[in-house]
Amino acid sequence: MRPEDLLCPSPKGLYSPAGDFYVDPTRAVPRAVITHGHSDHARAGHAHVLATRETLDIMALRMGPGFAGAKQALSYGEEITLNGVKVSLHPAGHVLGSAQVRIEKDGLVIVVSGDYKDAADPTCAPFEPIRCHVFVSEATFGLPVFRHPPAAGEVDKLLASVRIFPERTHIVGAYSLGKAQRMMALIRRAGHDAPIYVHGALTNITDYYESCGMDFGEILPVKGAPKSAFAGAIVIAPPSSMTDLWARRFADPITCFASGWMRVRARARQRGVELPLVVSDHADWDGLCASIRATGCEELWVTHGAEDALVHWAHTRQLRARPLHMVGYGEEDEEAVVPAPEGEAPAP
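So in my numbering, the last one in the sequence shown is 379, and the numbering has no gaps at all.
(1) In whole angstroms, what separates the C-alpha of residue 43 from that of residue 291?
(2) Residue 276: buried (16+ other C-beta within 10 angstroms of its C-beta) or exposed?
(3) Excluding five sequence neighbours on each side, which residues of the same chain lie with their C-beta closer than 7 Å to the C-beta of residue 178?
(4) The alpha helix (DSSP H) spanning residue 184 covers which residue range?
(5) Run the CB neighbour count on residue 185, radius 10 Å, all protein chains shown included, and call it buried at 16 or more, exposed below.
(6) Count the other C-beta atoms from every protein chain shown that fall within 10 angstroms of the C-beta of residue 169, then say buried if there are 16 or more, exposed otherwise.
(7) Return the Cβ separation of residue 128 and residue 68 in integer angstroms, given the expectation that the two are a contact with Cβ distance under 8 Å.
(8) When we look at the beta-carbon of residue 85 and count the other beta-carbons within 10 Å, is it buried (16 or more) or exposed?
(9) Which residues in the same chain have their Cβ closer than 6 Å to the Cβ of residue 325, if we skip the five residues on either side of it in sequence?
(10) For a quick check, are the C-beta atoms of residue 157 and residue 209 less than 7 Å apart?
(11) Give me the Cα-Cα distance between residue 353 and residue 165, rounded to the nearest whole angstrom.
(12) Hey, how far is the Cα of residue 54 from the Cα of residue 145?
(13) Could you check the C-alpha separation between residue 196 and residue 39 for me, to the nearest Å?
(14) With a 10 Å radius around its C-beta and 16 neighbouring C-beta atoms as the bar for buried, classify residue 131 as buried or exposed.
(15) Applying the 10 Å Cβ sphere with the 16-neighbour rule, what's the burial state of residue 122?
(16) DSSP on residue 320, reduced to helix/strand/coil?
(17) State the CB to CB distance for the pair residue 337 and residue 173, rounded to an integer number of angstroms; the pair is presumed to be in contact (CB under 8 Å).
(18) Counting only beta-carbon atoms, is residue 110 nearer than 7 Å to chain D?
(19) Between residue 87 and residue 107, which are expected to be in contact by the criterion C-beta below 8 Å, what is the C-beta distance as a whole number of angstroms?
(20) Which residues in the same chain as residue 309 place their Cβ atom closer than 7 Å to its Cβ, once the five residues preceding and following it in sequence are excluded?
(21) Sorted by chain position, which residues of the same chain lie with C-beta nearer than 7 Å to residue 48's C-beta, five sequence neighbours on each side aside?
(22) Taking the alpha helix (DSSP H) that residue 219 falls in, what are its first and last residues?
(23) Let me check you understand the geometry: is the CB of residue 209 closer than 6 Å to at least one non-hydrogen atom of the ligand HEM?
(24) Can you tell me where the beta strand (DSSP E) with residue 202 in it begins and where it stops?
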């Protein structure tokens, strides 16, 4: 069997002709396997969705309970057969519930990684390298310039600034699913035990993470709190809210942004970020290369990001490789609008 008979790009996304299902389709399809809950990968309207229980729950929180005709939860490592094709899900280390999709037929194994990272994250299961013949990878940070520092060190920078400026509010821009909760966990691990205030658009997802057993300490809503409470406080909010009327309630705030893109100083300046925090939920260049090597794959397909650089790297390692030029996938700040409580700006 050729790899293209088991999985191939199509206008609706990655399609398995043998299994008659799609992985992270960009349009409504009869059967979809979803890697994680970010809206550039998880869309409403499919007749049947297969994903981890956490991803299904997150999709329901973000899109409403009727996001699909039927839903089927699959645990990590559990295997099912779809039209003679074996399918299983394995941790991707991206956000809570994120999964790689292992597809096998007639001894041929293809792994679709979705979005992933190999860095430690206290809020999700760690990335698990899966041996395969073909590995399908993202390349969001697929350039050698992107080498992310340890996230704990970036949080130390944030807390050092809080100590230096105890009268100012530190507003941390963080994507509503995954990044915001990871920042909460890292801040607590660093020993900060004061209340953390959050934008209303983060409440539902944060509550869900806590229902899965995560302890973020005292998390309070910004709405309704007196202005005096924000002196010296850390506030976590969607990036889009940092430049609108919502942010004007804080006296002399320090704007921070947690993202791998903060490695690019021009991006930080463009967003008016005073304290950039290089914290990414995607693998950096070294992480991409190490993860690909760990799969033992013979062939690499790159879905989106800096495709050409990663393909060139693979060729220098005697791997067959090609870009797929998939349309519709991108970074989390491209997410659809998430409803926010009345009086607060929506999350991106």
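All C-beta atoms in this analysis are idealised placements derived from N, C-alpha and C, irrespective of residue type, glycine included.
In this structure, then:
(1) 28 Å
(2) exposed
(3) If we look at residue 178 and ignore the five residues flanking it on each side, its Cβ neighbours are 315, 316, 317.
(4) 182-195
(5) That one is buried.
(6) buried
(7) Going by Cβ atoms, the distance from residue 128 to residue 68 rounds to 7 Å, so yes, they are a contact pair.
(8) buried
(9) 160, listed in sequence order.
(10) no
(11) 11 Å
(12) 9 Å
(13) 53 Å
(14) buried
(15) buried
(16) helix
(17) The beta-carbon distance between residue 337 and residue 173, rounded to whole angstroms, is 4 Å. This is short enough to meet the 8 Å contact definition.
(18) In the structure shown, chain D cannot be found, because there is only a single protein chain.
(19) Between residue 107 and residue 87 the Cβ distance is about 14 Å, and since that is not below 8 Å, they are no contact.
(20) Sequence-distant Cβ neighbours of residue 309 in its own chain, meaning closer than 7 Å and more than five residues away, are 179, 180, 185, 291, 293, 294.
(21) 36, 39
(22) 210-220
(23) With respect to the ligand HEM, the structure offers nothing, as it holds no ligand at all.
(24) 201-204
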